[in-house]
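Structure, as structure tokens:
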Amino acid sequence: MRTVTLGPEGTYSHRAASAIADDDEIGFRQSVTSIVEAVATGEYDRGIVPIENSIEGSVTESLDAVAEYDVAIVREIVTPIRHALLAQGPEFDTIASHSQALAQCRSYLEREYPDATLEAVASTAQGVEFAREDPSVAGIGHPANADIENGLEVLAEDIQDQDSNATRFFALAPADERSTGGGKSTFVVYPNANYPGLLLELLEPFAERDINLSRVESRPSGQRLGDYVFHIDVEAGLYESRTIEALEDIEELAEKGWVRRLGSYDLEHVVE
Numbered sequence: 001m002r003t004v005t006l007g008p009e010g011t012y013s014h015r016a017a018s019a020i021a022d023d024d025e026i027g028f029r030q031s032v033t034s035i036v037e038a039v040a041t042g043e044y045d046r047g048i049v050p051i052e053n054s055i056e057g058s059v060t061e062s063l064d065a066v067a068e069y070d071v072a073i074v075r076e077i078v079t080p081i082r083h084a085l086l087a088q089g090p091e092f093d094t095i096a097s098h099s100q101a102l103a104q105c106r107s108y109l110e111r112e113y114p115d116a117t118l119e120a121v122a123s124t125a126q127g128v129e130f131a132r133e134d135p136s137v138a139g140i141g142h143p144a145n146a147d148i149e150n151g152l153e154v155l156a157e158d159i160q161d162q163d164s165n166a167t168r169f170f171a172l173a174p175a176d177e178r179s180t181g182g183g184k185s186t187f188v189v190y191p192n193a194n195y196p197g198l199l200l201e202l203l204e205p206f207a208e209r210d211i212n213l214s215r216v217e218s219r220p221s222g223q224r225l226g227d228y229v230f231h232i233d234v235e236a237g238l239y240e241s242r243t244i245e246a247l248e249d250i251e252e253l254a255e256k257g258w259v260r261r262l263g264s265y266d267l268e269h270v271v272e
């Protein structure tokens, strides 16, 4: 199963990808958009992208990419996030990591390293690599990324602001592998309209059929200011009659735009 995710090796995305593929089948990209594109074009069988963190919320690049490219969601993977401060020693002046990781450790960093320069990089693993190469840099990543033989040690563990920190990942596949079976479903709705009560009308078909919405989020459509695309996760399969009926109502409301069914899927937890 050729799988692509955010690199380099050692990212939390890499840990999530290991749940569905062997390491020798995992490739890496430096952006979520390039991962989704690689799956949409058939270059890879699967792509693993972060979709939401329990502290910092949704990953907007992922939302925009799955709306832009025709792909299927075939699995949801949730992995706990355990951040550690990694460096060659206690003396450094820069802390490098992914912007989400820096934000998830904000309180700790402000309290313990108020004078350090915070540098956002492409991934947690890239920050760790910088720390491995430069003694003036510390990285934030999983403690398993420490390598004493190469001079990198764990200075502090579990530095995230919330103990319950976890990230949801979507496992993506080519569109022709889209499934209607699963406990959850995701779709993207572009109404191509804007009037009072529009959002309420989009939500009512689910409430009327006792379908729980686990996430509703709007993103700019890019067409004009104040025009939005809606991402909706529901706790029901696309095979269920109630879901089919609700989507029929949604498609009527979005007759000037479009509705994309990204698929149904089940949840898997990655434990350490």
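Counting along the sequence shown from 1, when you hit position 210 you're at 210 in full-length UniProt numbering, and nothing is skipped either side.
Positions of the beta carbon are idealized from the N, C-alpha and C atoms, including for glycine.
Separation of residue j from residue i, as counted between CA atoms
i       : j       : result
Arg-106 : Ala-16  : 24 Å
Asp-163 : Ala-171 : 25 Å
Leu-86  : Asp-45  : 33 Å
Gly-27  : Arg-82  : 23 Å
Gly-7   : Asp-210 : 40 Å
Gln-88  : Ala-138 : 8 Å
Glu-252 : Asp-70  : 21 Å
Gly-10  : Glu-240 : 39 Å
Ser-99  : Val-121 : 7 Å
His-231 : Ile-250 : 13 Å
Ser-179 : Ala-173 : 10 Å
Given residue i as reference, the closest of the options once Cα atoms are compared
i           : options                            : result
Phe-92      : Leu-267, Pro-135, Tyr-195          : Pro-135
Lys-256     : Ser-97, Ser-179, Asn-194           : Asn-194
Glu-129     : Val-36, Asp-147, Glu-240           : Asp-147
Lys-184     : His-142, Asp-22, Arg-215, Ser-58   : Arg-215
Glu-235     : Gly-263, Leu-109, His-142, Ala-166 : Gly-263
Thr-60      : Ala-246, Asp-233, Pro-220, Trp-258 : Pro-220
Val-142     : Arg-132, Asp-158, Gly-151          : Checking the displayed sequence, the identity of residue 142 turns out to be His instead of Val. Comparing Cα positions, the closest option is Asp-158.
Thr-33      : Ser-99, Val-78, Glu-68, Ile-55     : Glu-68
Phe-169     : Ser-179, Ile-48, Glu-9             : Ile-48
residue 361 : Asp-161, Leu-247, Tyr-239, Arg-132 : Missing from the structure shown is residue 361; the chain here goes from 1 to 272 and no further.
Glu-204     : Asn-165, Asp-161, Glu-248, Ser-218 : Glu-248
Start and end residues, alpha helix (DSSP H) containing residue i
i       : result
Pro-50  : Per DSSP, Pro-50 belongs to no alpha helix (DSSP H); it is in the beta strand (DSSP E), 46-53.
His-14  : 12-17
Ile-244 : 241-253
Glu-208 : Here Glu-208 belongs to no alpha helix (DSSP H), and DSSP marks it neither H nor E.
Glu-110 : 106-112
Arg-132 : 124-133
DSSP bridge partner residues for residue i (one or two, in chain order)
i       : result
Pro-80  : Ala-166
Ile-232 : Phe-187, Val-216
Thr-5   : Phe-28
Leu-172 : Gly-47, Ile-73
Gly-57  : Asn-53
Ala-87  : Glu-153
Asp-147 : Leu-152
Integer-rounded CB distance, given that residue j should sit under 8 Å from residue i
i           : j       : result
Ala-101     : Thr-124 : 5 Å
Thr-167     : Pro-50  : 5 Å
residue 290 : Thr-3   : Residue 290 is absent from the model: the chain starts at 1 and stops at 272.
Gly-181     : Gly-237 : 6 Å
Contact with chain C by residue i, beta-carbon distance below 7 Å
i       : result
Lys-184 : In the structure shown, chain C cannot be found, because there is only a single protein chain.
Enclosing beta strand (DSSP E) for residue i [first to last residue]
i       : result
Arg-261 : 258-269
Leu-118 : 117-121
Ser-97  : 94-98
Glu-153 : 153-157
Gly-139 : 137-141
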